[in-house]
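Mapped onto the working numbering, the consecutive letters of the sequence shown carry residue numbers 241 to 350.
A virtual CB, placed ideally from N, CA and C, is assigned to each residue, including glycine.
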Amino acid sequence: MALADGVATLTVNVAYSPRAGEVDEVSLQLPSDATVADALRESGLQARHPGLAIDALPVGIWGAFCDRSDRLRDRDRVELYRPLLVDPKEARRQRHRAQGAAKVSAKPPR
């Protein structure tokens, strides 16, 4: 935690991945009582990604879902999650079909 003009501040990163392989991340200095909602508002994501429904997307800190009213700690990473395009179970099934059953097992048959 640092002091800016005599007020304790936090350094927080806010990250959003608009598409696979691309990450928009910004580092912010916020007051020590800042919440997740404050970080999202100050991040400028809405301006850089017009049409992004920040309030409708799930959010987390370091990969764990959280509420927008949760207080932040120094060096937190706030993450805005985009919706899943494919159900994870279905994605595994599709990979299994494409690769074949032979490649799934690491042990040789007895």
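Counted within 10 angstroms of its Cβ, other Cβ atoms place residue i as buried (16 or more) or exposed
i, result
"Leu324", "exposed"
"Glu330", "exposed"
"Ser283", "buried"
"Asp295", "exposed"
Separation of residue j from residue i, as counted between CA atoms
i, j, result
"Ala274", "Val326", "34 Å"
"Ser272", "Asp307", "17 Å"
"Val263", "Glu319", "10 Å"
"Asp314", "Glu265", "16 Å"
"Arg304", "Gly340", "Here residue 304 is Ala; the residue named in the question, Arg, does not match the sequence. Taking the straight line from one Cα to the other gives about 33 Å."
Three-state secondary structure (DSSP) of residue i
i, result
"Leu285", "helix"
"Pro328", "helix"
Sequence ranges, alpha helix (DSSP H) only - wholly within the segment 296-328, length at least 4: none
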